[in-house]
Amino acid sequence: GGPIAVATHTVVLARAFGPADWAPSEVSTATFAFNYGQLAMPAATPVGGTYSDAQFVSLAAGDGTTILFTVDGTDPVPGLPSTRAYDGPLEVAATTTVKSRSIKIDWASSEVRTDVYTIQDVTPPTIAATLSRDEDAPGWYTQPVMVTFSCADAHSGIASCSPARTLSADAVGLVVTGTAVDQAGNT
């Protein structure tokens, strides 16, 4: 026997034994818990804000610290299904709330850090026109021609695209204008 050095969370189980004709004692349990203070919140790079493109968010904390996070707006709590342990950059491609906290044995968990990432589409959509037939003469159509518009937007999607138009006037230099609007209101 002798003293036992304990410097971190430890559970000690002890039982006394005597001479051969004595029965051993019941098992005694002692839990030693330490609290060296409260951990600092994780650092986030980049911090929450408004961005025009997807972001890769890195979280960092002190050595030996585990970072827990959620992306559904709930606080990170060990054991909850929405809580995950951080193991590398998070891709944030849509508006998202990232909540994180640092945990480490013998330390009080950090406060919850909240970063809101707003991904705002600032890129206008594209629009292209297709004609239903070729010119009768350079720049001249003597028969009706249908102009069909195709619209695309890689960020937020298309909200509206001009409908097809049929031009039936026998003319040269007619201009047909189409408009594309994405879900973010860009034209």
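Each residue of the sequence shown is one higher than the last, beginning at 224 in our numbering. The beta-carbon is built from N, C-alpha and C at its ideal position, and this holds for glycine as well. Computed from a predicted model, the values in this text were never measured in an experiment.
- Taken atom to atom, the span from the alpha-carbon of Ala230 to that of Phe257 is near 8 Å.
- Here Met369 carries a strand assignment [DSSP, helix/strand/coil].
- The alpha carbon of Leu397 has as its nearest neighbour, out of Leu282, Gly260, Glu358, Pro301, the alpha carbon of Glu358.
- Restricting attention to Trp363, Val368, Gly260, Gln343, the CA atom closest to the CA of His378 is found in Gln343.
- Secondary structure at Thr233: strand, using DSSP grouped into helix, strand and coil.
- DSSP places Ile326 within a strand segment (E or B) once states are collapsed to three.
- Per DSSP, Tyr340 is one residue of the beta strand (DSSP E) stretching across 336-342.
- Of the other Cβ atoms in all chains shown, 16 or more fall within 10 Å of the Cβ of Pro299; this residue is therefore buried.
- Judged by pairs of C-beta atoms under 8 Å, the region 348-367 does not touch the region 280-299, as fewer than three such pairs exist.
- Under a 10 Å Cβ-count criterion, Phe255 is classified as exposed, with fewer than 16 other Cβ atoms of the shown protein chains found around its own Cβ.
- By the criterion of a C-beta distance shorter than 8 Å, Arg238 is surrounded in its chain by Pro247, Ser248, Glu249, Val250, Ser251, once the five residues flanking it on both sides are discounted.
- Short of 8 Å from the beta carbon of Thr410, and not among the five residues preceding or following it, lie these beta carbons of its own chain, in chain order: Pro347, Pro348, Thr402, Ala403, Val404.
- Phe255 is bridged by DSSP to Thr233.
- A straight line joining the alpha-carbon of Thr337 with that of Met369 spans about 53 Å.
- Close CB contacts of Val235 within its chain, under the 6 Å cut and outside five residues either way in sequence, are with Ala253 (chain order).
- Within its own chain, the residues whose Cβ lies closer than 6 Å to the Cβ of Thr297, once the five positions on either side in sequence are excluded, are Ser305, listed in chain order.
- Per the C-alpha coordinates, the member of Lys327, Asp286, Phe372 positioned closest to Tyr259 is Lys327.
- Beta-bridge analysis with DSSP links Tyr274 to Ile342.
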